[in-house]
Structures are given as C-alpha cells and as structure tokens.
Amino acid sequence: MLKNKHNYFLILTILISGLTIGCKPASDTIMGYNYQIHESTGDKKGSPGDFVFFEFTVTSQADSVLARMDTPPQLPVLQVPEADAVNQDNPVAALIGKLSIGDSASILMPLDSIRQPGIDQELFKDGLNYNIKVVDVMTQEEYEKDQAMKRDEMMANMKKQRERLPEIITLMDDNIEDFQKGKLDNIQEKDGLQYYILEEGTGAVPNQ
Numbered sequence: 003m004l005k006n007k008h009n010y011f012l013i014l015t016i017l018i019s020g021l022t023i024g025c026k027p028a029s030d031t032i033m034g035y036n037y038q039i040h041e042s043t044g045d046k047k048g049s050p051g052d053f054v055f056f057e058f059t060v061t062s063q064a065d066s067v068l069a070r071m072d073t074p075p076q077l078p079v080l081q082v083p084e085a086d087a088v089n090q091d092n093p094v095a096a097l098i099g100k101l102s103i104g105d106s107a108s109i110l111m112p113l114d115s116i117r118q119p120g121i122d123q124e125l126f127k128d129g130l131n132y133n134i135k136v137v138d139v140m141t142q143e144e145y146e147k148d149q150a151m152k153r154d155e156m157m158a159n160m161k162k163q164r165e166r167l168p169e170i171i172t173l174m175d176d177n178i179e180d181f182q183k184g185k186l187d188n189i190q191e192k193d194g195l196q197y198y199i200l201e202e203g204t205g206a207v208p209n210q
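Number 122 in our numbering belongs to position 120 of the sequence shown; there are no gaps in the numbering.
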C-alpha cells in the first residue's frame, strides 16, 4: 500500500522529477493529464521563477487519504517553470503556475505513471488524485530571504539548546538521585511506562 515509507518517498520524488507518460486528452488537461479547479480566488498568482508553497494530498478515487503534506511549516514548494523549460514534464509544477493563492485543484494520475512494486494496481486502477491548494507565493528574492531567516532561527535555537545543556544534565542527575531515594513526586504512568516531565512544553500535541 502507499502508506509505507517507501511509497510515501515515491510521491515526494514525483513532485520533484515529474512524470513521463501520455493519457487521453480531455476538456481540462495539462500536459495530457486531466485536472479540475475546485476553487478560484483570483488572488496573487506565481510568475515563472516564483516559488509556490502548497498543501498536497494524495487520495484514491474513493477519497481515502494515502499521503499528505499539508501542515506548515513543512509544506512542499515548487518553482514555477518557464514556459519553455526543459522540466515541463511535471504536471504539478505546470499546474501551480496557473493557480492563485487560495486556489485548489486536483490532477488525476493514471496508475501506469507510478509503476512501482508494492502499489496495488488493481485497487487503484482508476488512478490517484493529486490534490493541491496554494498557500503562498514568493519571488526568488523573497524566498531566499525567507530561507535565510529560517536558517538563522534554527541556528539560534540550536545555540540556545547547547547553552542549556549543562543545566539540563544537572537537573536530570538531581531527579535521578531523588527518584532512587523515593523523593520524586508527580511520577506519571501510561501503558506500564513511568515518566516524569522535567519541563512543560508549549508546542503541538501529537494525535493519539
């Protein structure tokens, strides 16, 4: 099935490398692939060379979600190709150049475009839907500044964590000693595992 790690990586690879098969043309096609616009906002649209951030899900014809990348800040991003670009064999990249911020669309991908062991050809014989929703558009200059800012933030956070390391080690040593002496309060247990929270975080909680 597509849910394993190998096939999930395959879907990511398709976004980057593009596809090279033909299919029967229809009233709404891009590079020979059927597509449908679900929502059109008329907002800012990417120009060739711009970077487009978008939500991306892969669903079966029965609307079962097989893979998804739709949670910031880890959104996929593609550069809008030039009209005569050599890599114009990627229908996803070609389609995002037609979409504005807030627009959503889907491309029907025939299964013979994803010949790969582990994919149930019979189960998905009607093809897969590649669902796209554009979230943001940046010029190359804006994109480079954004990436530089994120790198700086990451380095600052790493530096902060390194500076706290001696404090954390001391805290852990003290707690281990208290635990061995039976002095540690507020020990919690789940599924037979005992744990103690050193510091309450403020981030998102994983789905149970």
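Beta carbons are placed, not taken as given, at the ideal position from N, Cα and C, and that holds for glycine.
It should be emphasised that the depicted structure is a prediction, and the values quoted were computed from it without experimental measurement.
Where Cys25 falls: helix, strand or coil (DSSP): Within the sequence shown, residue 25 is the residue found at index 23, counting from 1. Only weak support is given to the placement of Cys25: the predicted model assigns it a pLDDT of 41, under 50, and the value that follows is read from those uncertain coordinates. Cys25 falls in the coil class under three-state DSSP.
Cα-Cα separation between Thr59 and Gln142, rounded to whole angstroms: Locating residue 59 in the sequence shown gives position 57, where the first residue counts as 1. Locating residue 142 in the sequence shown gives position 140, where the first residue counts as 1. Here the alpha carbon of Thr59 sits roughly 25 Å from the alpha carbon of Gln142.
Distance, Tyr197 Cα to Met174 Cα: Here residue 174 is taken as the residue at index 172 of the sequence shown, counted from 1. Here residue 197 is taken as the residue at index 195 of the sequence shown, counted from 1. The alpha-carbon atoms of Met174 and Tyr197 are separated by roughly 12 Å.
From Leu80, Leu195 and Met111, residue whose alpha carbon lies closest to that of Gly34: Translated into positions along the sequence shown, residue 34 becomes position 32. Residue Met111 is the option with its Cα nearest to Gly34.
Leu159 in three-state terms, based on DSSP: As a position in the sequence shown, residue 159 is number 157, starting the count at 1. Rather than Leu, the amino acid found at residue 159 in this sequence is Asn. Taken through DSSP and simplified to helix, strand or coil, Asn159 comes out as helix.
For Gln182: DSSP bridge partner residues: Taking the first residue of the sequence shown as 1, we reach residue 182 at position 180. DSSP lists no partner for Gln182.
Buried or exposed (CB count within 10 angstroms, at least 16 for buried), Ser42: The residue you call residue 42 lines up with position 40 of the sequence shown. Residue environment: Ser42 is assigned as exposed (fewer than 16 neighbouring CB atoms within 10 Å of its CB, all protein chains considered).
Run of the alpha helix (DSSP H) containing Ala95, from where it starts to where it stops: By one-based count along the sequence shown, residue 95 stands at place 93. Residues Pro93 to Ile98.
Val136 and Leu80 closer than 8 Å at C-beta: Here the question's residue 136 lines up with position 134 in the sequence shown. Here the question's residue 80 lines up with position 78 in the sequence shown. Contact flag unset, no.
Beta-bridge partners of Glu2, as assigned by DSSP: Residue 2 lies beyond the residue range present for the chain, which begins at 3 and ends at 210; the question has no answer from this structure.
Buried or exposed by the 16-neighbour rule on C-beta atoms within 10 Å, applied to Leu97: The residue given as residue 97 occupies position 95 in the sequence shown. Buried.
Extent of the continuous beta strand (DSSP E) run through Glu202: Position 200 of the sequence shown, counting from 1, holds the residue named residue 202. Note, Glu202: premise wrong, no beta strand (DSSP E); not H, not E.
Outcome for Ala107 when other beta-carbon atoms lying within 10 angstroms are tallied against a minimum of 16: Counted from its first residue, the sequence shown places residue 107 at position 105. Its Cβ being crowded by 16 or more others within 10 Å, Ala107 is buried.
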